[in-house]
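Heads up: the structure comes next, in structure tokens.
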Amino acid sequence: MIVKFLKNIFFLNLKKAIIIIMNVKHKIFSEAFPPNEKGERQQLLSLSSFHNLVHGIEINTNEIIYKSLTKNNLLEIKNLHKEWFPIEYDDSYFQVILDNPCGNYFTIGAFYNIKNCNNNENKEIILGLALCEWDSISDYFINHTNSQTIEEISKNINVNEEVIACLKCQYYHCVYIMNIGVLDEYRKMNIGSNILTQILNIALKDDICVGIYLDVINYNKSAIKFYEKNNYKKVNEIKEYYEINGKKHDAHVYLRVITRKEKDEFREKNKTSSFKFINKYIINPITYIIKGFLFILLFQCCRKKKN
Ligand SMILES: CC(C)(COP(=O)(O)OP(=O)(O)OC[C@H]1O[C@@H](n2cnc3c(N)ncnc32)[C@H](O)[C@@H]1OP(=O)(O)O)[C@@H](O)C(=O)NCCC(=O)NCCS
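Counting in the numbering used here, the sequence shown runs from -8 upward without gaps.
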């Protein structure tokens, strides 16, 4: 049994060591790339260094930390975008978002700490990310074609005209999800959905945010299913919005409306959780100290009386 155990450890590490030494390129796959005539997706060689680091590692999704991306992540963000999307983004695109000089953008990264076999140090890897912009939906996505009236859109997404009017009013704004993706080894583990929840929480905290929207290429069926599963509703179709390798493709616009009721409920829930925190870490300890102090005082008084 011990021999079997040692053998397992040895061979697993050997396999991993070979992968690291030879810098093995993994075949990766993204449904955001157009399918060929047979309907198959082209397989790409990996660019992100994370693939080798995570190779064979089973992650505990409870240990994923969701937080903003920083400029230190720039190279990996660029590589991941090349793996995920058939559109070239230049450096300035990412730099403006990460610098965020006017507060127009925010980012969410799903970070995970793993031990680097080379030097035994902890390395933070990005399992998924989203780049978002505070923007108004009115300018383009709902008004773009007159094919749908407000009444039709309202019916589609099951909200009343008042909400649509808010969406179109310049006073309010929305979150626009520019890009979202998950490392292909860890897809279908709810990481993408958790990133959407983080975005939703940011939107719920914002007083004048009335929705979250995005556009998705018509053939990306898994992304469409992903948004629909997360309560995003299709509000529009924009003909020939994307051009990839000289071919035009339509965009589907998806929207997640945020209602006042949802915001109030979110605030109420958070109020209770912050109250719980204050109770647990401040009020309760102080009560125990006071009780202890009173007990000692009583004890001293009794002793004095006896004497
Ligand atoms: C789209 C993407 C971000 C989804 O991330 P993810 O972490 O895999 O998504 P989740 O695990 O949270 O999936 C939630 C639901 O979405 C749907 N879904 C996700 N991936 C799917 C797939 N490949 N096929 C079918 N449905 C899928 C399912 O309904 C799933 O729920 P289920 O697991 O209970 O069936 C990911 O597939 C990705 O990075 N794709 C490449 C980049 C891309 O296309 N980005 C979107 C551009 S608009």
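Just so you know, even glycine gets a beta-carbon here, dropped at the ideal spot from N, CA and C.
Item: Opening and closing residue of the beta strand (DSSP E) in which A194 lies; Value: From DSSP, A194 is part of no beta strand (DSSP E) but of the alpha helix (DSSP H) over 182 to 196.
Item: N170: CB within 8 Å of a non-hydrogen atom of ligand 3; Value: In the structure shown, ligand 3 is absent; the only ligands present are ligand 1.
Item: Ligand 1 heavy atom lying under 8 Å from the CB of V244; Value: no
Item: Between the CA atoms of G119 and A101 - distance to the nearest angstrom; Value: 5 Å
Item: E79 (DSSP reduced to helix, strand or coil); Value: coil
Item: Span separating the alpha-carbon of M(-8) from that of E49; Value: Confidence at M(-8) is low in this model, with a pLDDT of 49, below 50, so the placement of that residue should be treated as unreliable; the coordinate-derived value is given next. Approximately 24 Å between the Cα atoms of the pair.
Item: Any non-hydrogen atom of ligand 1 within 8 Å of V173 CB; Value: yes
Item: Helix, strand or coil at C292 [DSSP, three-state]; Value: helix
Item: Rounded C-alpha distance that separates W125 from N63; Value: 23 Å
Item: Rounded separation between I11 and Y103 - CA only; Value: Note on I11: pLDDT 48, under 50, position unreliable in the model; the coordinate value appears next. Their backbone Cα atoms lie some 19 Å apart in a straight line.
Item: I69, DSSP secondary structure in three states; Value: Reading the sequence as shown, one finds Lys at residue 69 and not Ile. Residue state, collapsed to three classes: helix.
Item: Inter-residue Cα distance where the pair is S184 and K58; Value: 15 Å
Item: I314 versus K297, N192, I171, residue with shortest Cα-Cα distance; Value: Because the chain in this structure spans residues -8 to 298, residue 314 falls outside the shown range and cannot be described.
Item: Heavy atom of ligand 1 within 8 Å of K167 beta-carbon; Value: Checking the sequence shown, residue 167 turns out to be Tyr, not Lys. Y167 Cβ: outside cutoff for every heavy atom of ligand 1.
Item: DSSP-derived helix/strand/coil call for G202; Value: strand
Item: Rounded C-alpha distance that separates L60 from S40; Value: 17 Å
Item: Beta carbon of I203 nearer than 9 Å to that of Y162; Value: no
Item: Same chain, Cβ closer than 8 Å to I75, five either side skipped, listed in chain order; Value: The question names Ile, but residue 75 in the sequence shown is Trp. Excluding residues within five positions, the ones whose Cβ falls inside 8 Å are S21, A23, N170, G172.
Item: Exposure of I269, with buried meaning 16 or more beta-carbon neighbours within 10 Å; Value: exposed
Item: I9 versus K18 - alpha carbon distance; Value: Low confidence applies here, because I9 scores a pLDDT of 49, under 50, leaving its location unreliable; read the following figure in that light. Their Cα atoms are separated by approximately 17 Å.
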